[in-house]
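Taking my numbering, the leading residue of the sequence shown gets 304, the next gets one more, and so forth. Where is the CB? At the ideal position from N, CA and C, for every residue including glycine. Note that the structure is predicted; figures quoted are calculated from it, not measured. To start, the structure under review is shown below, and the notes come after it.
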Amino acid sequence: MTPHASAPTLSWRELETRVGLDALPAFHRRFLTWRGVENAEEMPLRRVSQRVDAELNRLVQAGQAHKHEDDWQLEPGALDGFGAYEALTP
Numbered sequence: 304m305t306p307h308a309s310a311p312t313l314s315w316r317e318l319e320t321r322v323g324l325d326a327l328p329a330f331h332r333r334f335l336t337w338r339g340v341e342n343a344e345e346m347p348l349r350r351v352s353q354r355v356d357a358e359l360n361r362l363v364q365a366g367q368a369h370k371h372e373d374d375w376q377l378e379p380g381a382l383d384g385f386g387a388y389e390a391l392t393p
């Protein structure tokens, strides 16, 4: 059994709420950089938002998430190695 086998999915929107509105742009840019998107730090905010959605959809395609209405439910382990997320979790 994997360490994540019984863990629940993680709501992306709930995660964004935990991050907070003021810190959200930087969090999104760190997510994009972690996903390998080049020049995320220089992107306009609207483009950052579009790319975050695109990367979340890639997680869906990879079987690491599923979309439910306007949210993404991330499978356990989908954000392993993403330091900005790990800093938010106990």
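If you draw a straight line from the Cα of GLU319 to the Cα of GLN367, it is about 18 Å long. Every unbroken stretch of the alpha helix (DSSP H) spanning 4 or more residues and falling wholly within the region 334-379 is given here in chain order: 348-364.
For LEU327, the secondary structure class from DSSP, reduced to helix, strand or coil, is helix. Secondary structure of LEU318 (DSSP, three-state): helix. DSSP links LEU391 through a beta bridge to no other residue.
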